[in-house]
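Structure first, then comments.
Numbering (the working numbering), first residue to last: 127 to 210.
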């Protein structure tokens with residue numbers, strides 16, 4: 127599945143991680159639809175690396191960023207574009 131996901135990401139102008147998050151958003155969309163609950167965008171916190179090339183190995187240097195994930199979009203390619 128990884129090559130297929132990567133190809134879908136690139137066709138939609140995104141990266142592999144964008145396609146992964148878009149897939150999770152699609153699953154959340156289907157879940158909410160099944161239960162008759164409308165949902166727009168959901169907030170997602172993601173770690174962002176702050177490491178530089180000359181940092182010593184080991185340890186973590188991250189910060190968290192918050193993103194709105196478009197769960198309301200039905201088109202997977204559009205979700206990838208919005209996330210990217």
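No residue lacks a Cβ here, since even glycine has one placed at the ideal position from N, Cα and C. These numbers come from a predicted model, not from an experiment.
Original post:
By a C-beta neighbour count over all protein chains shown, 10 Å radius and 16 as the cutoff for buried, is residue 197 buried or exposed?
Top reply: By the neighbour-count definition (other C-beta atoms within 10 Å, threshold 16), residue 197 is a buried residue.
Original post:
What is the DSSP secondary structure of residue 194, reduced to helix, strand or coil?
Top reply: strand
Subject >> Among 186, 132 and 139, nearest to residue 146 - alpha-carbon criterion >> reply: 132
Original post:
Just how far apart, CA to CA, sit residue 164 and residue 200?
Top reply: Taking the straight line from one Cα to the other gives about 13 Å.
Original post:
Where does residue 129 sit, in a helix, a strand or coil, going by DSSP?
Top reply: helix
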